[in-house]
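Enquirer:
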Amino acid sequence: MSKSTRVPGYMQSKGARNRGPLGDREIRYKCSMQNTILDVLRARPGWQEVSGPNPPQQQQLQQQQQQEKKGSGEKSATQNKDKSGVGNAAGTGSGSVATGKSSSQNSAPSNQLPTTTSSRSSVGKTGGLMPPFLPPTRNVEGDWDFHWCDREWLHANYDTMFLQEHQKILHFRNHYELTRKNLMVKNLKRLRKQTEREMGKKEAESFDFYPTTYELPSEYHIFVEEFKKNQGIIWIMKPAAKSQGRGIFLFRKLKDITDWKKGEYQPLTDPNREVPETYVVQRYIEDPYLIGGRKFDIRVYVLVVSYNPLKVWLYRSGFARFSNSRFSLDSIEDAYVHLTNVAVQKTAPDYDPDKGCKWATQQLRSYLTAKHGSDAARRVFQGIDNIIIKSLQSVQKIIINDKHCFEMYGYDVLLDDKLKPWLIEINASPSLTASGKDDYDLKHGVLNDVLNVLDLENRLTGKEKRVGGFDLIWDDGAVTTDDGAMECSVNSVSTTSNSFLGCHCDRKKHLREIYTAAQALKKSTPS
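Spelled out as structure tokens, the structure:
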């Protein structure tokens, strides 16, 4: 092992030391989710789940043990004082009880763990039974190769972790620079201004894919000026850091947000008052492209394995999410008309769980091609490519790049009636809970191919431009396609870009082919 990669013994767990290359042994994984990703990981040949709770659960258990010990110490202290006839510090008699603070200080340091275990069990956050003691030391943090964690875990643990050379973990440290709605627009505006300054206004027009947006409360007065210039148009208010349509509402008049303004916008005169929640207010797209009279947006899956250099994979399959009700501007308060989130639509009284409200991206591309021609459909998906690359470039110099990290984004894109794509939001944790069999098959394939691209098994050459359903569209520059690689199910004009969103995808056949080719190449190449 080289000097630069040598790990001090005290920073390694016994199970993690000298375990050999990943391709020659089982891959140990941890997963914070209880949905499709856990199914994928458990079904993956040669992958083994690491037992024991995650650090947040360990912390919860420690706190519980400390509370139990504190309670035991208080009881013991009280009993002793009753026996000796000593009450409080002033010695006022046995009827007085010492304070909890005093008992806690006299019992044990707050970070000292109990040396004995209890036969009682406690119920954790997941509802399952967990013994109130820490797991064996061989399962301490670090004894894993792959961790599909949630954002809260990353924020709580990333800065104190030491990651070994081979370990992979979901999320970059400050992924929120792209996935918080206010920061996303802030970064896009900054890159647009830079592009206009360095390359001219025409090139800056390529950033015209997000609605006019202001952050509240910080830009409230600027928003009011813009609002007065465009009387009568519809605006949409969104919490900056919430998902699944929570907290979103539409309005036409300033008085419609008066209550919100009074409650959240006012300056913080009370130092003990919590910071008001950040919102974004956007110009609502009043002329969305409709199919069957209903509004929809498109979910696109994007995998980023590096920001420096920027390396981006685009998944061919996705879905269009339709509203459950016909579109109308007469009822802007009706969420079933204007919000396409599945979490919202499935609560509609007439929602059909078997039918759902989704189209596969391939079906959408075929529809657009049949109705508007192949050139128009191609321009739609090229526009989506532009949105993906420009948005990632806007945070390329800001994201804390770490070779151990990767990100699977869920992009939400809306088409207007001129077939222009608009970026609605970007999700760092797109839903992996399936709403039906087709949805489950799609997400199962996406997640399997994320693992295939990451290639912890070391089965690829590293030169592939396609892995399963993922196509490499950017590798420190635009990626061009190989001859004959176009596999669209529609008669589309040939393209040089290695991007095939909405095209045919026989992922299992392709995986067999690239694994066979990679194995043959490795055998023929001297080590």
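FYI, in my numbering the residues of the sequence shown are 1138 to 1664. Here a beta-carbon is modelled for each residue, glycine too, at the ideal position from N, C-alpha and C.
(1) Can you give the Cα-Cα distance for residue 1639 and residue 1604, rounded to whole angstroms?
(2) By DSSP, does residue 1528 sit in helix, in strand, or in coil?
(3) Please report how far the alpha carbon of residue 1536 lies from the alpha carbon of residue 1345, in whole angstroms.
(4) I'd like the list of long-range same chain contacts for residue 1360, defined as Cβ closer than 8 Å, with 5 residues on each side in sequence excluded.
(5) Residue 1425: which of 1494, 1451, 1464, 1455 sits nearest, CA to CA?
(6) Between the Cα of residue 1579 and the Cα atoms of 1169, 1173, 1165, which residue gives the shortest distance?
(7) Have a look at 1298, 1164, 1468 and flag the residue whose alpha-carbon is nearest the alpha-carbon of residue 1310.
(8) Cα-Cα, which of 1598, 1497, 1560 is closest to residue 1575?
(9) Can you find at least 3 beta carbon pairs, one from the region 1531-1551 and one from the region 1502-1513, that sit closer than 8 Å?
(10) Can you tell which of 1584, 1512, 1470, 1432 has its C-alpha closest to the C-alpha of residue 1389?
(11) Which of helix, strand or coil does DSSP assign to residue 1284?
(12) Could you have a look at residue 1349 and say whether DSSP puts it in helix, strand or coil?
(13) Along the chain, where does the beta strand (DSSP E) that runs through residue 1314 open and close?
(14) Just list the residues that DSSP pairs residue 1376 with in beta bridges.
(15) Over the uninterrupted alpha helix (DSSP H) stretch that includes residue 1485, give me the two end residues.
(16) So, under 8 Å CB-CB, residue 1513 and residue 1556 are touching, yes? Tell me the CB distance rounded to an integer number of Å.
(17) On the DSSP letters alone, give me the boundaries of the alpha helix (DSSP H) that residue 1365 sits inside.
(18) Closest by CA to residue 1522, which one among 1380, 1636, 1165, 1660?
(19) What does DSSP give as the partner residue(s) for residue 1498 in the beta ladder?
(20) DSSP state of residue 1477, grouped into three classes?
(21) Between which two residues does the beta strand (DSSP E) harbouring residue 1440 extend?
(22) Could you check if residue 1370 is buried or exposed, using at least 16 other CB atoms within 10 Å of its CB as the buried criterion?
(23) DSSP on residue 1321, reduced to helix/strand/coil?
(24) Do you know how far the Cα of residue 1292 is from the Cα of residue 1594?
(25) Going by DSSP, which residues form a beta bridge with residue 1558?
(26) Would you kindly check if the distance between the Cβ of residue 1460 and the Cβ of residue 1502 is under 7 Å?
(27) Name, in chain order, the residues that DSSP records as bridge partners for residue 1564.
(28) How would you call residue 1615, buried or exposed, if buried means at least 16 neighbouring beta carbons within 10 angstroms?
(29) Starting from residue 1306, trace the beta strand (DSSP E) both ways and give me its first and last residue.
Expert: Taking the definition as stated:
(1) Residue 1639 sits at position 502 when you count from the first residue of the sequence shown. Residue 1604 sits at position 467 when you count from the first residue of the sequence shown. Between residue 1639 and residue 1604, the C-alpha separation is close to 16 Å.
(2) For the purposes of this step, residue 1528 is taken as the residue at position 391 of the sequence shown. Helix at residue 1528.
(3) Taking the sequence shown and counting its residues from 1, the one referred to as residue 1536 is at position 399. Taking the sequence shown and counting its residues from 1, the one referred to as residue 1345 is at position 208. If I take the Cα positions, the gap works out to 23 Å.
(4) Position 223 of the sequence shown holds residue 1360. So the list reads 1351, 1353, 1418, once near-sequence residues are dropped.
(5) For the purposes of this step, residue 1425 is identified with residue 288 of the sequence shown, where counting begins at 1. Residue 1464 is the option with its Cα nearest to residue 1425.
(6) Within the sequence shown, the letter at position 442 stands for residue 1579. The shortest C-alpha separation from residue 1579 is found at 1173.
(7) One-based indexing of the sequence shown puts residue 1310 at position 173. Checked all of 1298, 1164, 1468; the closest Cα to residue 1310 is 1298.
(8) Taking the sequence shown and counting its residues from 1, one reaches residue 1575 at position 438. Checked all of 1598, 1497, 1560; the closest Cα to residue 1575 is 1497.
(9) no
(10) Within the sequence shown, numbered from 1, the residue matching residue 1389 stands at position 252. Of the candidates 1584, 1512, 1470, 1432, the one whose C-alpha sits nearest the C-alpha of residue 1389 is 1470.
(11) To locate residue 1284, count along the sequence shown from 1; it is residue 147. Looking at residue 1284 - three-state DSSP - the assignment turns out to be strand.
(12) Taking the sequence shown and counting its residues from 1, one reaches residue 1349 at position 212. Coil, per DSSP.
(13) Against the sequence shown, residue 1314 aligns to sequence position 177. Run containing residue 1314: none in the beta strand (DSSP E); it sits in the alpha helix (DSSP H), 1313-1316.
(14) Here residue 1376 corresponds to residue number 239 of the sequence shown, with the count starting at 1. The partner list for residue 1376 (beta bridge, DSSP) reads 1416.
(15) On the sequence shown, residue 1485 is found 348 positions in, with the first residue counted as 1. Neither: residue 1485 is in no alpha helix (DSSP H) and is coded neither H nor E.
(16) As a working note, residue 1513 is residue 376 in the sequence shown. As a working note, residue 1556 is residue 419 in the sequence shown. Yes, they are in contact, since the Cβ atoms of residue 1513 and residue 1556 sit about 6 Å apart, within 8 Å.
(17) What you label residue 1365 is simply residue 228 of the sequence shown in a count that begins at 1. Note, residue 1365: alpha helix (DSSP H), 1357-1366.
(18) Looking up residue 1522 in the sequence shown gives position 385. Cα-wise, what sits closest to residue 1522 is 1636.
(19) One-based indexing of the sequence shown puts residue 1498 at position 361. Residue 1498 is not bridged to any residue.
(20) Taking the first residue of the sequence shown as position 1, residue 1477 is located at position 340. The answer is coil: DSSP assigns residue 1477 none of H, G, I, E or B.
(21) As a working mapping, residue 1440 is identified with position 303 in the sequence shown. Start and end: 1433-1444.
(22) Stepping through the sequence shown from its first residue, residue 1370 is reached at position 233. Counting Cβ neighbours within 10 Å, residue 1370 comes out exposed, since fewer than 16 surround it.
(23) Locating residue 1321 in the sequence shown gives position 184, counting from the first residue. In the structure shown, residue 1321 sits in a helix (DSSP, three-state: H, G or I).
(24) For this step, residue 1594 is matched to residue 457 along the sequence shown. For this step, residue 1292 is matched to residue 155 along the sequence shown. Approximately 28 Å, taken between the alpha carbons.
(25) Here the question's residue 1558 lines up with position 421 in the sequence shown. Note: residue 1558 sits in a beta bridge opposite 1552.
(26) Residue 1502 sits at position 365 when you count from the first residue of the sequence shown. Residue 1460 sits at position 323 when you count from the first residue of the sequence shown. In this structure, residue 1460 does not lie closer than 7 Å to residue 1502 by Cβ.
(27) Counted from its first residue, the sequence shown places residue 1564 at position 427. Paired residues: 1547.
(28) Taking the first residue of the sequence shown as 1, we reach residue 1615 at position 478. Classification for residue 1615: exposed.
(29) Within the sequence shown, the letter at position 169 stands for residue 1306. Note, residue 1306: beta strand (DSSP E), 1305-1307.
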